[in-house]
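> Attaching a single structure in structure tokens format; questions to follow.
Residue numbers (my numbering): 746 to 1102.
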């Protein structure tokens, strides 16, 4: 059973504020909009089997607009749900089923390929979700809690080196870095020995804090090129977003779904939003605490208030219920919630099992 957690609480009318007629018309408007992406007129509702005149339907739709649940993009157009209206629909009307068995098998097969690195497995999960659900797939990596076991610098030539960090839990992280001019094999070994002596057994966050204090000491104790290697290596591991990496796949789906110039403008704004990785990671970190599927619609988050996008995300966790990170889908507010929610939930659960195994 998919457990749902709403986004931030925003004061909106509740179902108790609507009579049976208003509820029925509201539900039909939203369902039609989510299917077509187009504003819905009274005649469309009338042809759908509602035993009311178009004039009566228009009056009810006007009442719903006054409550802030519907809006009209243009004077002569039909109505479409506001973000508050979508929130009420998701919380009060949405019927969520299960995903098809063939989709379950596809998710499991794509994520079960062995021999991948940790980040490759997460990127594959993001791609799978993007392909099945549409929109852009997003995944935030776990906070690294295992202690450092070994550090090594590998020369690659062309002024580059590979900084390799092996953790006690068996995970390996590689970072491409600049190799200072004049570096010799002995300087590489000296830098590796220096870091191994100080970082072994510490978590990555502890290691950064420790070495931040000791950098000046390192410059005095080491050969100049080895000291620069240590500094470049720490910069490679301590770059922006390193502790909470964000993987995004399927941005092209957002462009393919854009139906008008207004949509393209929103997609451009969404692309700008996706560049704000620190804020997006913070949003997904809130999902980690929910332990269920969480939904954010448009203006419910400051990050997506301009693009009007929606986020459906869930934490992935080990069999011992230890939360590792979060995975989800970002797309337009008219996402197919009934389809995407169980897809996100199932992918998160499979990913958690794969990470645990």
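For every residue, glycine included, the Cβ atom is placed at its ideal position computed from N, Cα and C. Keep in mind it's a predicted model, so treat the numbers as computed, not measured.
(1) Distance, Cα to Cα, residue 1082 vs residue 839?
(2) When burial is assigned at 16 or more other CB atoms within 10 Å of the CB, is residue 930 buried or exposed?
(3) Does the contact criterion of 3 or more C-beta pairs under 8 Å hold for the region 764-771 versus the region 806-816?
(4) Count the other CB atoms within 10 Å of the CB of residue 1021; is the residue buried (16 or more) or exposed (fewer)?
(5) Whole angstroms is fine: what's the gap from residue 870's alpha carbon to residue 854's?
(6) Which residues bound the alpha helix (DSSP H) around residue 835?
(7) By Cβ distance below 6 Å, which residues in the same chain neighbour residue 895 in space, the five residues on each side in sequence not counted?
(8) Pick out whichever of 842, 885 and 781 has its Cα sitting closest to the Cα of residue 990.
(9) Just to confirm my understanding: we take residue 1092, look at its own chain, exclude 5 residues before and 5 after, and list those with CB closer than 7 Å. What are they?
(10) Relative to the C-alpha of residue 1044, which residue among 765, 799, 830 and 900 is closest?
(11) Would residue 1034 be called buried (16 or more neighbouring beta carbons within 10 Å of its own) or exposed?
(12) Is the number of C-beta pairs between the region 1010-1030 and the region 1047-1062 that are closer than 8 Å three or more?
(13) Apart from the five residues just before and just after residue 1089, which ones in its own chain have a Cβ nearer than 8 Å to its Cβ?
(14) Starting from residue 939 and walking both ways along the alpha helix (DSSP H), at which residues does that stretch end?
(15) Quick check: what's the CA-CA separation for residue 971 versus residue 906?
(16) Are the Cβ atoms of residue 738 and residue 937 separated by less than 8 Å?
(17) Is residue 934 buried or exposed, if buried means 16 or more other CB atoms sit within 10 Å of its CB?
(18) When you compare only the Cα positions, how much space is there between residue 823 and residue 922?
(19) Quick one: is residue 918 buried, meaning 16 or more other Cβ sit within 10 Å of its Cβ, or exposed?
(20) State the DSSP-derived secondary structure class of residue 819, mapped to helix, strand or coil.
(21) Under the rule that 16 or more other beta-carbon atoms within 10 Å means buried, what is residue 828, buried or exposed?
Taking the definition as stated:
(1) By 1-based counting over the chain shown, the position of residue 1082 is 337. By 1-based counting over the chain shown, the position of residue 839 is 94. Going by the C-alpha atoms only, they are around 8 Å apart.
(2) As a working note, residue 930 is residue 185 in the chain shown. The residue in question, residue 930, is exposed, as its Cβ has fewer than 16 Cβ neighbours within 10 Å.
(3) yes
(4) Translated into the one-based positions of the chain shown, residue 1021 becomes position 276. Result: exposed.
(5) Position 125 of the chain shown, counting from 1, holds the residue named residue 870. Position 109 of the chain shown, counting from 1, holds the residue named residue 854. Their backbone Cα atoms lie some 11 Å apart in a straight line.
(6) For the purposes of this step, residue 835 is taken as the residue at position 90 of the chain shown. Counting along the chain, the alpha helix (DSSP H) containing residue 835 begins and ends at 828-837.
(7) Numbered from its first residue, the chain shown carries residue 895 at position 150. Cβ within range, chain order: 911.
(8) Along the chain shown, read from residue 1 onward, the residue named residue 990 stands at position 245. If we check each option's Cα against that of residue 990, 885 comes out closest.
(9) For the purposes of this step, residue 1092 is taken as the residue at position 347 of the chain shown. Cβ neighbours of residue 1092 beyond the five flanking positions: 852, 870, 873, 874 and 1072.
(10) Counting from 1 along the chain shown, the entry for residue 1044 is found at position 299. Nearest C-alpha to residue 1044: 830.
(11) Working through the chain shown from its first residue, we reach residue 1034 at position 289. Exposed: under 16 other Cβ atoms inside 10 Å.
(12) yes
(13) Taking the first residue of the chain shown as 1, we reach residue 1089 at position 344. So the list reads 874, 878, 1038, 1057, 1058, 1059, 1072, 1073 and 1074, once near-sequence residues are dropped.
(14) If you number the chain shown from 1, residue 939 lands on position 194. First-last of the alpha helix (DSSP H) with residue 939: 930-944.
(15) Here the question's residue 971 lines up with position 226 in the chain shown. Here the question's residue 906 lines up with position 161 in the chain shown. Roughly 13 Å between the two C-alpha positions.
(16) Shown here, the chain extends from 746 to 1102; a query on residue 738 therefore has no answer.
(17) The sequence position of residue 934 within the chain shown is 189, counting from 1. Flag for residue 934 reads exposed.
(18) Here residue 823 refers to the residue found at position 78 when the chain shown is read from its first residue. Here residue 922 refers to the residue found at position 177 when the chain shown is read from its first residue. The alpha-carbon atoms of residue 823 and residue 922 are separated by roughly 56 Å.
(19) Against the chain shown, residue 918 aligns to sequence position 173. Flag for residue 918 reads buried.
(20) The sequence position of residue 819 within the chain shown is 74, counting from 1. Coil.
(21) Position 83 of the chain shown, counted from the first residue, corresponds to residue 828. Residue 828 is buried by the Cβ-count criterion.
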